[in-house]
Structures are given as C-alpha cells and as structure tokens.
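Taken in sequence, the protein lines are chains H and P.
Counting along the first sequence from 1, when you hit position 523 you're at 523 in the UniProt record's numbering, and nothing is skipped either side.
Counting along the second sequence from 1, when you hit position 540 you're at 540 in the UniProt record's numbering, and nothing is skipped either side.
We treat Cβ as the ideally placed atom computed from N, Cα and C, and that holds for glycine.
Computed from a prediction, not measured in an experiment: that's the story for all the values here.
Some notes on the structure that comes next.
Protein chains: 2
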Amino acid sequence: MSGTINPPDGGGSGARNPPVVRQRVLAPPKAGLLKDIKSVVEETFFHDAPLRDFKGQTPAKKALLGIQAVFPIIGWAREYTLRKFRGDLIAGLTIASLCIPQDIGYAKLANVDPKYGLYSSFVPPLIYAGMGSSRDIAIGPVAVVSLLVGTLCQAVIDPKKNPEDYLRLVFTATFFAGIFQAGLGFLRLGFLIDFLSHAAVVGFMGGAAITIALQQLKGFLGIKTFTKKTDIVSVMHSVFKNAEHGWNWQTIVIGASFLTFLLVTKFIGKRNRKLFWVPAIAPLISVIISTFFVFIFRADKQGVQIVKHIDQGINPISVHKIFFSGKYFTEGIRIGGIAGMVALTEAVAIARTFAAMKDYQIDGNKEMIALGTMNVVGSMTSCYIATGSFSRSAVNFMAGVETAVSNIVMAIVVALTLEFITPLFKYTPNAILAAIIISAVLGLIDIDAAILIWRIDKLDFLACMGAFLGVIFISVEIGLLIAVVISFAKILLQVTRPRTTVLGKLPNSNVYRNTLQYPDAAQIPGILIIRVDSAIYFSNSNYVRERASRWVREEQENAKEYGMPAIRFVIIEMSPVTDIDTSGIHSIEELLKSLEKQEIQLILANPGPVVIEKLYASKFVEEIGEKNIFLTVGDAVAVCSTEVAEQQA
Amino acid sequence: MSGTINPPDGGGSGARNPPVVRQRVLAPPKAGLLKDIKSVVEETFFHDAPLRDFKGQTPAKKALLGIQAVFPIIGWAREYTLRKFRGDLIAGLTIASLCIPQDIGYAKLANVDPKYGLYSSFVPPLIYAGMGSSRDIAIGPVAVVSLLVGTLCQAVIDPKKNPEDYLRLVFTATFFAGIFQAGLGFLRLGFLIDFLSHAAVVGFMGGAAITIALQQLKGFLGIKTFTKKTDIVSVMHSVFKNAEHGWNWQTIVIGASFLTFLLVTKFIGKRNRKLFWVPAIAPLISVIISTFFVFIFRADKQGVQIVKHIDQGINPISVHKIFFSGKYFTEGIRIGGIAGMVALTEAVAIARTFAAMKDYQIDGNKEMIALGTMNVVGSMTSCYIATGSFSRSAVNFMAGVETAVSNIVMAIVVALTLEFITPLFKYTPNAILAAIIISAVLGLIDIDAAILIWRIDKLDFLACMGAFLGVIFISVEIGLLIAVVISFAKILLQVTRPRTTVLGKLPNSNVYRNTLQYPDAAQIPGILIIRVDSAIYFSNSNYVRERASRWVREEQENAKEYGMPAIRFVIIEMSPVTDIDTSGIHSIEELLKSLEKQEIQLILANPGPVVIEKLYASKFVEEIGEKNIFLTVGDAVAVCSTEVAEQQA
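Quick look at the structure:
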C-alpha cells in the first residue's frame, strides 16, 4: 500500500483538493527493549543530560568535574574578580541588615529563642555558598516554614512546658527535612515538587502570609494571653476578647508608627528601583531607633514587651539533641517531611525565577542536594530549617549580587552580630519585630498573580482560593493538604478527560482545524473528522471510545435532521496521540467494530512513531487494513470524499 | 496582523513552497466563567450525556424515564419475547450448574460455610437483574474476591476461634463494599476505577489465580494442617513438610482424575464452540459422580475429607449482624473498600467487554449503583461480596443469553438447591471442589494478554509482572498495592515527561513530521521545529522549557560542527498542546526571553482554541508579537526561511 494514489477531485467536499501523493505511514526504526527502557529512564531522571560535560575527558579531568559538580564554588571561584566582589559585598551587607531583625522575629513564629533564628542565618548560607548553583538566592529562615515548624511541633510538644524536648524535636525535624531534600535530589526525583501547582502555591503563600500577619497582632497589640490556633476566627476572637484590658497603648503606638515607616520605605523602594536599599535597611534602623527609645524611657516598665535576653556566641553543636528513636523520632520525620517539601518548593521556585532572569541554568536535583546538606549540617549546629527567602533574594538581586559570596558576607555579619552585638537587642520591643514581619510577609500576597490566574484558568483559580481559604480559616497543614489534593486532582482530570474536537476544512486550504475555534472551517458531508488530544492510556481509553461514539451519534442525528448524507467515514486525527497502551488499542478495536456494525469505516490519520509501532505489534493494522491509515487528514479526506460521492451517485 | 501575506519562495529551504495565504490564529468565541465550569463538570462527570433522553419530554414521561433509568428491567421487559426467554433459560440453567459447585468452593476461600456461597448466588443476581444494564454478566461470588475477603478478614479475626464475629466482619465488609460501589456510581466518580491499568489487572489476576490454585493443594492432597499464608514459598513449604504423612492417596486419586476430566472437557469446549455446555456442566457431573462413589465406598472413612453438612433453606436475614461501631466497624470499612474496588473493576471490565462484543452501551456509573445496591442488600441477607464472574459470564454468553433473565433463572435454581438438595452434598469430597476451583481459575491466567503487553509496551509489562510477582511471592494485598502504585506512577510519568520531537519537512510536500519516524524528513537550515506533545501544565512546564533549551543547544552545536547556518528561528508546533496554565505560560515566556538573548526568535504554530485564548488573556501575545504566531508550521517556515536566506546573503 506504499504506492501512489491520485484520486480524482474530491467531489462531495465542494473544495478543490490538489492531487494527493500518498505516502505510507512509517514505523520508526526498531530500538529494542534495553534502549527503550534506557530512553524512558533518561528522559525521566536525566532529561537535562547532566553527564554531557564528562564525555571524552581524561579520568583526572572527570574527577575534577565530579568534585566541581558537587561543589560548584570550585568552578566559579577561579573566575572570581574584585569587581564581582564589590557587588557581592554590597548585596551581602544589605541582606544581612534585613535578615537580622527578620531572623529574630521568625524564630518566635517557630516558638524557639531568637538566637536560633540567627544561628540559622550563619551555618546554612555558608554550606549553600559552596554547594548551591543559584547566584541570587538568599538563604536563611523564612516566615512560612517557621510558622509551619512552629504549629506542627507545638501540636506534639508544648514549647512552654517542655522547651528542651521541643527544641530537640525542631532539630530532629530539621535533620529529616534535610535528609528528604538531599534524598530527592540524589535519587533525581526532584521533579516531584513540580506536582504542587503554581496556583496552589500562590494561594497557600497568600494564606500563610495573612495567618502570619494575624499572629503578629499578639506582639503588635501587646496581648499577653493569645490563642494557639492559627485560623482567623480563633485569632480575631482572641484579639477582641483582650480588647478591653489586654491591649497596651504604648506598644500599639510604637508598632503602628514603625509599621507606617516600613511601609512607606517599601513604597519608595518600589517607585524608584535605585532606592532598593531604603526598604532593605529600614528594619534594622527601626530596631535601633525603637530599642534606643525603649531603653531611654524604660518603656518596658509600662508594659511594652521586649526581647529581653539573647545569648552571645555562635552556634553550639546540637547533634546529640536529635531524636533517633522513640515517638518524637517518627513525629520529627513527619514534620521534617512536610516542612522540608514546602521549604524546597520555595527555594527551587526562587532559584529558577532568578536563573531565568539572568539566563543561567539551575540543576534542580543538585540544588536539592545542596539545600538538603545545608539543613542536615544545620540541624547539628543548632539551626532550624533554612531555605531561600523571597524578600531577601529580591533585595540581593537588586543590590547587584554576582555570586553566592553575598551569602558568605551575610553569614559573617550574622556571626559577628552573634559574638558581639546580641546584648544590645535586649530592649528591642516585640512590637517592632511584629511590624517587621507584617511588612515582610505582605510581599508574599501576590494579588497580581491571583488576578492573572483568574483570567487564564478558572479551575486554577479555584485551586488557588481553596488553598488560601484553607490556610486562613482552618490551619496551615489543611491548607497545604488542599493545595496538594487540588493539584493532583487537576493532573488526574487532565489524564482521564482529554479533549476531543471535531475538525473542519479551512476554506481555500488543505488545513483542518477545530470547528469551534474556526467557525468557517467546514465539515465534509459523509465524513466526520475527530482529533484526540492526548496519549490514549488505560486511564482515558474508555472515555475516548465513548466520547468518539457520542460524536458519531450526534453527527448522525444532525445529518438526518438536515437531510445531509449519513456519516460513512470517521477519520481520527492521531497527531496529538503521542502514545497508546494495550487498553488504548483495545478501545480503538472496539470502536472499529462498533462503527463497522453501523457501516462506517474508521480511518486513522498520522499516527506517531510510538503509536504506529504498537499498532503493528498488536496486529491492529491488519485488522483495520493498512489502506485505512493515512499520513495526513487531507490525504484521507481526498480518498474518502471520492467514495462518498460515488455512493451518493 | 490579520491580513494576507504572500512571502516570496522560501529560498533557503531547498523545496518549492506554494504561495502561502496567511490566516490569523483565532481565539474561540468567549464562553464565560459559568459555561467554562459547566463544560468541565459535564465532560468529567456526564460525558455520556445521561440526560439526553429527558430533553423535551412531558413530566409524566420524565418520571417514567427516571424510574427506568434506575430499573432498566422496566424498559426491556416490555419487549421481552418467548424466543428471548428460550435463550435465557438455557443460559440460566447452564450457569446454575456451573455456579453451584463453584460457590461451595469459593466460600471455603473466604473461610465461611459453603451455604454462604450459595446464598450469594441467590439474592444478588435477582437485584442485579432489576437494576443492571449488562445483558451478559453472570453475578455471584468469584474466586479472587473470595480470596481477598478471606485473607483480609482472617488477619483481623481468626475464623476458627471466633467464627461468629468473623462472619459478622464479612457481612460488614460486604455492606461497605456495596456502599462504596453505589456511592462511586451515585457521585458519578466511576472513572476512578479506570486508574487501575489493564496491564496491572492482568498481572494481579494471574497472580491471584496461581495463589488460589496453590491454596487448593490443601484439599487436593488431603492435607490437614496447612499454612495460613498465601505466598508461594510458605505454601510449598507447607505442602512438602506434609509429604510424608500428611498426603492422602485416595484423595489425590479422586482429585487428579476429576481434574483431568475437567481439563479435557475444557479443551473440548475450546476446540468446538458449539460444545460450550460440556465444560459448563462437567463440574456438576463431577460432583454428582464423586459424591456417589464416596457414599458407596464410604471413602470418608479412608481419610477422604468431605463437605459434611450444608444447612437447608434459603438466606436468613443478617442485618443485625453487621457491625456499626467498634474496631471491627472500621476494619469492615477498610476491607469493604479494598474488596469492593476489586469486585467493581472485575464486574465493569466484564460488562464492558460483552457490551462491546454485542455493541450496546453500558453506563459505568449506573452499573456501579446496581452492583453496590445488590451487595448492600446481600449483606443484609447473609451474602458476602458478589460480582461478575469471568468464567460464568463467558459461558452465559456462549449459551446464547439475551437478557438479565438468565440471572433470575440461575437464582431460582440455586434457591431450589438450597431448599431441597443441599443434604445430598454431604459426601461431596473436598478434593472435587479443589479440582473445580483449579480448573476455573486457570482461565484467569491470560498469557496471551501478557505476551501482547510485552510486545506493545515494556513498561506496562513491568507493571504486569510487578503485580503478578507481588501477589504470588508476598500477598494479595501487596500485589494489589503494587498494581495501584505502578498504575499511578505511569500516569505521573505521562504527565511530567511529555514527548518533544524535532520535525522535518517531507520531500515534495508541505507536511512536517517527526525526523526520527521519517528519516527523509529534512530539517530546514537556520530553523528548528519542535513539537510538544502534551498540554503544558505546572507538572511539566519546567521540563518542557528545559527540554526545548536542550534541543536548541544540541542543534546549535550540530550546526556549528557541520558548518551549517546557526539557528535563527525556533518554531514550536502547538497543535498537540491542548491546554496551558499559568506555569506553562510562564515557562514559554522564559523560553522566549532566553532565546532572545541568543538572538533566536521564538515562533508558535497553530495554538489551539484554549491555548490562544489564554495567551491573549495573559498578554503573552503582545510580548511575542502577533506576527510570530502562525496557523501552520508551513506558513511559519515560509516566512522564516526567507529571512534566514536574506541574512545569509
């Protein structure tokens, strides 16, 4: 059947078809089982061809490349210049001034002493600088992960009653978060984090930001007894119950005035991008000024709550504090798993965003190994989970960062702070920390993204709002669960309900397109052309068969109603059908038989390489007849419309 | 940009391009939010348009149609004829003679008395006959589900030590299996069972068949103390440990001779399809003959184990025996959920297979409601989980069944047996039941299907073997779990790693095809054409972008090596991209920017209706420029190759 057919002008179609050169649909060259599996494994786990640089190198060079793959710093350090260092120094100092007050506040979200926040901005950034491949990310504790660690851990151990075990649980969770992160990267399973949809992440982040801001009302209003729940109803109830006697006006004045100051600086920074450093150093300035005032006026005696005491000195070793057995061990694994995944999602999203802006490549899997290692080491040196921070990474970028050296600069500044300056934070009012956190997390509420999602995809918007409302009305974990479930549901929907469309011929062309999209695309009498827009697998094969039958039935009814010739040929455009499995072939067989009973011939147009190979292997080609498989819809229509015309005559 | 462009002959491409009429890529008419959601909901839950017959009917007619939708028997009973009854009667008598000995044997697999097997072939088929829409399915207990119920329940309660509670647990599981089945159908979530892939089901069924056959060695060899485990290693160990004293030669002689008889009749039935009734009644004949011989020679005194006693009378009420609280309640829900899903998968697969053979429609969701209702009622009338049986349905079909009346005939025969004949089964040797079960389950091992799967899709074959080996070497539940996990992994693989292919131009045509499939498809100098074969969603957007970048990089390297012009245009053929979400648009934007930095223009060809609408909504069209979106790859190449030629000159 590979010959050449020149059918006469397609009578019934009303359009002039050019003479058609019939080309046979080819099966691709046989690959063999091992090559088949190899190619699937490669595309799944090594689609970025991570080993391509290793090809054709000497063993010594290969070893060097291997070490460099784990520690990219070895690669770029050799090309490091003084000009780059200038950029890194400025960026590092800027993010250090931003991270110190944030760290102290975030530590409170995680229910640990402020010093642990600072510890987490010392060791992890140093590790990351050696192993990470992002040049723009700023490493340290972040608001959402701190909140997540705080709520999950306090559900297991009360941090007030049993602070020692609580802290141990936090380190355990950090350890296992690192193990999970590094494990995913090592096993090249990094693509798993892609299963959290962008829309769900936007909703989750926005909800978490509002939840965090609400939590700050405790420090902001100077309330002493506050609910432990995070949902908006409990929090507002707690706030108004305390309205009469629980609020402290001095605290509110301090908090409100500095929050205004911070928001104004943020606004300035947004209007003039050269003044990015204004909002970046504003928090530290607020801390210094407010601390000074509280100290001068001894406002702490008026009920203004202060940080009190922060231990001096850098991170002590904490490896002996990690639980490796008992019930807190399994809880630690669970919490570490959840918080680790959220931290990973945030860090990888940041790394990818900035890499795309500066056009360099990020290896997601390597990145995960770096982040995981940094958290494992962190858990042994009194840190809790660190990751990439949206706000600080943006500042880092705008300050002109060149390499991960800015993280080293920041880490050194934090270490110096821990060694020498922490006593000065004694009189820092909690209200300032609350104001700093509120102003920071507001940036996580991405209304523009939500509007864009609404415009583009309503179902995505539902996912976004589901996660958002779940977080603020129920809890952070439930919101996260909703986000994951909706993301998965969307994937399953995509897989089980692929689109099928009816095609028509565009006037004066040989091009067949969706009749809904192109209203002037004309259907050809007696012929129904259906395109199936997905691989046909067990998960959708029944749907595809039933949907195709329904198209045929509807078209037959239409044809009868309008006195058109009955459908004699159903052409399935197979171009988008990238793969088919046994269930899929079975379904097509059933469709073929069912159509034959109605005296309709099934025609396939342009099956892809994998599909045609499988159609041959399953002997389906013999069943349908090789002559009923065409290279293009145009070829098929040319032949079929002739036959329709002959039958009509 | 909607005008007409007639570019000059595409110089660089080496082929003669006809003058191109440029048609604008249209966005489909706006649908609005509610219509959007409505269409998604419809395609997901009501793709078969179940309400289409209700349109434009009077209320009375609508009510009748509604009742008829729940009880299809009302519809077909009016057209029932004596000729049809003749077919149903013969089929019903045939499957009754087959089901009675099978039921007694299967009840032993579920660790319940033989009478419960017979009960389950009385009430459920009656209910199904009224509500079900399959004409060919034969309802009753089946081997795999019996084994599953037996192993899952005995893990909770020992049937020897506490037979009363064990039986209650079985009824509880049956009740909830029915609730789950009907619930899925009622919520129109029937498509969920499509997530168990055909390959995994083939492997699971084959493994279960071998496990069941191995379990029969106890009765077949007359062993008294037998392992409770179902894995092949434990069973064979148990068999050989008993070899010296535990085997009973009289039992073996009876079992082996009748198994030979059954297999010979099966062979005869296969060779001559008109003699289908020979294997169908052979089990009953074996039972009668062997019972007679055992009674005459009192072989039970020689150690031949017999059925002993079966209570007379039809199903007693058991609604008070179902657990509605306590720990057995939750266990019942769990077991019911698992066994109910397996039963559903089997029944729906059977119903669909025979419906396709006779070309009538099955509504999967209605079918589930029927099956669920029948099990709920069954659990209240001393039945355990019933479903469609592969072997008996095939016999039913071959015996010329016309409607579900054959199930009614079978149920009446079973009821008469229960009322009058059960005492006669007293001397039936267990070895005969073992032989009947072995001969029945051998039909579940579908080696042809496994070979076909191997030929078509190696990954599917791995799934099949994973489930198969899991069942025979570990346990039925683990095998089932492996089947489900592999099925899901395959779906996720499909979604995260869509295929991307490089297209080339077929000689003497304007058709662009996969260069791997069509080796003579030629790439056009300076232009790279990539087709993405899937919707671009969050789950694969990063992969698509990175993979496209890699194609470009590789092609640039090739071009440099062979002294070809560098790539100036990347055309993405979007036909198969049926949908895109925010993450997907984001990825394409990043690709556009990254290519622009390399002085390569990104071109999109033929985005579908949903995609083009979203590209407009997200303002991406403005970013890339409307002139860079073409209706076909041919149009795009015509314009681009001219520019490449001009730049070369």
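- Query: Interface residues of chain P around H/Q494 at Cβ under 8 angstroms?
  - Reply: The answer, in chain order, is V495, A535, Y537, D579.
- Task: Excluding the 5 residues preceding and the 5 following H/S238 in the sequence, name in chain order all residues of the same chain whose CB lies nearer than 7 angstroms to its CB.
- Result: These residues qualify, in order along the chain: F226, T227.
- Message: I'd like the list of long-range same chain contacts for H/V441, defined as Cβ closer than 7 angstroms, with 5 residues on each side in sequence excluded.
- Response: Same-chain partners within the cutoff: A143, A209, I212, A213.
- Within its chain, find whatever has a CB closer than 8 angstroms to the CB of H/F354; leave out the 5 residues flanking it on each side and keep chain order. S134, R135, D136, I137, S393, F397.
- DSSP puts P/A213 in a beta bridge; with which residues? Answer by DSSP bridge pairing: none, since P/A213 is not bridged.
- Item | Close Cβ partners of H/D581 (< 7 angstroms) along its chain, the five nearest in sequence each way excluded | Once the five neighbours on either side are set aside, the close Cβ partners of H/D581 are Y537, F538.
- Can you list, in chain order, the residues of its chain whose CB lies under 6 angstroms from that of P/I572, leaving out five sequence neighbours each side? So the list reads I530, L604, once near-sequence residues are dropped.
- Message: I want to verify the contact list: residues of chain H whose CB lies under 8 angstroms from the CB of P/K597, in sequence order.
- Response: Under the 8 angstroms cutoff, chain H gives D359.
- Task: Could you pull out every residue in the same chain whose Cβ sits closer than 7 angstroms to the Cβ of P/K266, ignoring the five residues on either side in sequence?
- Result: Taking C-beta separations shorter than 7 angstroms and ignoring five residues to either side along the sequence, the partners of P/K266 in its chain run P279, S439, following chain order.
- H/D460 touches chain P at which residues, Cβ-Cβ below 7 angstroms? Result: D581, T582.
- Task: Report, in whole angstroms, the separation of the C-beta atoms of H/I486 and H/A200, which I expect to be a contact under 8 angstroms.
- Result: 6 angstroms between Cβ atoms; contact.
- Using CA coordinates, which residue listed in P/K241, P/T174, P/I310 is at the minimum distance from P/F425? Among P/K241, P/T174, P/I310, the Cα nearest to that of P/F425 is on P/I310.
- Residues of chain H with a CB under 7 angstroms from the CB of P/A617: which are they? Result: R455, I456.
- Item | Neighbour-count burial assignment, P/G303, 16 or more Cβ in a 10 Å radius | Exposed, because fewer than 16 other Cβ atoms sit within 10 Å of the Cβ of P/G303.
- Item | DSSP state of P/V21 mapped onto helix, strand, coil | Only weak support is given to the placement of P/V21: the predicted model assigns it a pLDDT of 46, under 50, and the value that follows is read from those uncertain coordinates. Note: P/V21 maps to coil in three-state DSSP.
- Message: My output table needs one value for H/G140: the three-state DSSP class, helix, strand or coil.
- Response: Strand at H/G140.
- How about H/Q216: is its C-beta nearer than 7 angstroms to some C-beta of chain P? Taking Cβ atoms only, chain P never reaches closer than 7 angstroms to H/Q216, which makes this a no.
- Query: Does the distance from the C-beta atom of P/T496 to that of H/F191 stay below 7 angstroms?
  - Reply: It is a contact, given that the beta carbons lie within the stated cut-off.
- Message: Please classify H/G336 as buried or exposed, where buried requires at least 16 neighbouring CB atoms within 10 angstroms.
- Response: It is buried - the Cβ of H/G336 has at least 16 other Cβ atoms within 10 Å.
- So is H/Q57 in contact with chain P if we call contact Cβ pairs under 7 angstroms? Not an interface residue.
- Query: Span of the alpha helix (DSSP H) holding residue 660 of chain P?
  - Reply: Residue coverage of chain P in this structure runs from 1 to 649, which leaves residue 660 of chain P outside it and unanswerable.
- Name, going along the chain, the residues of the segment 622-638 of chain P whose beta-carbon falls closer than 8 angstroms to a beta-carbon of chain H. Interface annotation for the segment 622-638 of chain P against chain H: L631, T632, criterion Cβ-Cβ distance under 8 angstroms.
- Hey, does H/D194 have any beta-carbon neighbour from chain P nearer than 7 angstroms? Any Cβ of chain P closer than 7 angstroms to the Cβ of H/D194 would place that residue at the interface, and such an atom is present.
- Given that H/N514 touches chain P, what residues does it touch there, using C-beta distances under 7 angstroms? Result: G608, P609.
- Query: Helix, strand or coil for H/G526 per DSSP?
  - Reply: DSSP places H/G526 in coil when its eight states are reduced to three.
- Query: In the structure shown, what three-state DSSP assignment does P/E573 receive?
  - Reply: Strand.
- Query: Contact between the segment 362-376 of chain P and the segment 178-195 of chain P: three or more CB pairs below 8 angstroms?
  - Reply: Yes, the segment 362-376 of chain P touches the segment 178-195 of chain P.
- Distance CB(H/I385)-CB(H/T174) smaller than 7 angstroms: Cβ atoms of H/I385 and H/T174: closer than 7 angstroms.
- Residue from P/R86, P/L167, P/I67 whose Cα sits closest to the Cα of P/P114: Nearest C-alpha to P/P114: P/L167.
- To which residues of the same chain is H/F468 closer than 6 angstroms at the C-beta, ignoring the five residues directly before and after it? Only G203, G206, G207 meet the Cβ criterion.
- Message: Assuming P/K61 is part of the alpha helix (DSSP H), what are its boundary residues?
- Response: Here the alpha helix (DSSP H) through P/K61 covers 59-70.
- Message: Considering only their Cβ atoms, is the gap separating H/P429 from H/V264 smaller than 7 angstroms?
- Response: H/P429 sits away from H/V264, with the two beta carbons spaced by 7 angstroms or more.
- Are there 16 or more other CB atoms within 10 angstroms of the CB of H/V401, so buried, or fewer, so exposed? The C-beta of H/V401 has 16 or more other C-beta atoms within 10 Å across all chains shown, which makes the residue buried.
- Message: Taking 8 angstroms as the cut-off, does the segment 245-263 of chain P touch the segment 72-85 of chain P (at least 3 CB pairs, one atom from each stretch)?
- Response: Three or more beta-carbon pairs separated by less than 8 angstroms are not found between the segment 72-85 of chain P and the segment 245-263 of chain P, which leaves the two stretches without contact.
- Query: Quick one: Cα of H/I629 to Cα of H/M574, how far?
  - Reply: Put simply, the backbone Cα of H/I629 is about 10 angstroms away from that of H/M574.
- Query: If you run the structure through DSSP and keep just helix, strand and coil, what is residue 652 of chain H?
  - Reply: Only positions 1 to 649 of chain H appear in this structure, which leaves residue 652 of chain H out of reach.
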